[in-house]
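Here's the structure we're looking at; comments come further down.
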Amino acid sequence: KHKSAFILPHLGSATKETRTAMANLAIDNLDEFFKTGNCKNKVNWMSKSIAFIGVGNMGCPMAENLMKAGKNVKVFDVSKKMLEIAKKKNLQIISNLNDLITADIETVITMLPEGKHSKEVYIGENGIINKVSKDCLLIDCSTIDIQTSIEIGKKASELGIEMIDAPVSGGVMGAQKATLNIMVGGS
195 KHKSAFILPH
205 LGSATKETRT
215 AMANLAIDNL
225 DEFFKTGNCK
235 NKVNWMSKSI
245 AFIGVGNMGC
255 PMAENLMKAG
265 KNVKVFDVSK
275 KMLEIAKKKN
285 LQIISNLNDL
295 ITADIETVIT
305 MLPEGKHSKE
315 VYIGENGIIN
325 KVSKDCLLID
335 CSTIDIQTSI
345 EIGKKASELG
355 IEMIDAPVSG
365 GVMGAQKATL
375 NIMVGGS
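According to the working numbering, the sequence shown is numbered sequentially starting from 195.
What follows is the structure, given as structure tokens:
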């Protein structure tokens, strides 16, 4: 299986070897997580409730795979059509972001079409970054511009919240088969 190590921009002065080791650890864990719902390195990511925002062509099968792996996944999308499709796949539908982000949410995953959508969801006027607990892990799987990712990550960091920028490649088929390549950046 081919693996790539990606430079993690938020690690600042860390050595290349440290960045590579951390990237490989993150890739291994996220790879394993999206296939089985578990992490091989005993990292207790996503052990309870997961809020998944954006259940379109990519997000719906990703959320469905997490549910099949035994995770408690609650989903939201602004598109009623996408929510109906998710409902047919037995995903737990939540009708608005305020009801989605509750005290039991330990992980939020977003899969949104553009940076402006990620920015609005995380740090907009009603952004979730002010609603999640400090123990919540934020994972943005959207393929967005680096400036937006850095802006959201900086705000999360200021609030003491962990965030991972984790865009994916592999298309809809990869999402359905749980074979996406995940490019990880974070601290």
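Where a beta carbon is used, it is the ideal one built from N, C-alpha and C, also for glycine. Since we're looking at a predicted model, the values are computed, not measured.
Hey, quick one: how far does the alpha helix (DSSP H) through D293 stretch, first residue to last? It spans L291 to L294 - the alpha helix (DSSP H) in which D293 sits, taken as one unbroken run.
- request: Indicate the three-state DSSP secondary structure (helix, strand or coil) for N266 in the structure shown.
  value: DSSP places N266 in the strand class (E or B) of the three-state scheme.
- Go through its chain and collect everything with a Cβ distance to P307's Cβ below 8 Å, but skip five positions before and after it. Cβ neighbours of P307 beyond the five flanking positions: G248, G250 and S336.
**Request:** Decide if I340 is buried, meaning its Cβ has at least 16 other Cβ atoms within 10 Å, or exposed.
**Result:** Classification of I340: exposed, given that the 10 Å Cβ count is below 16.
Check your understanding: Which word fits L353, buried or exposed, when buried means at least 16 other C-beta atoms lie within 10 angstroms of its C-beta?
Key -> So L353 ends up on the exposed side.
G379 (DSSP reduced to helix, strand or coil) = Three-state DSSP puts G379 in a strand.
Three-state secondary structure assigned by DSSP to A369 = Three-state result, A369: helix.
* Name the DSSP beta bridge partners of L332, please? -> Here L332 is bridged, per DSSP, to V302 and M357.
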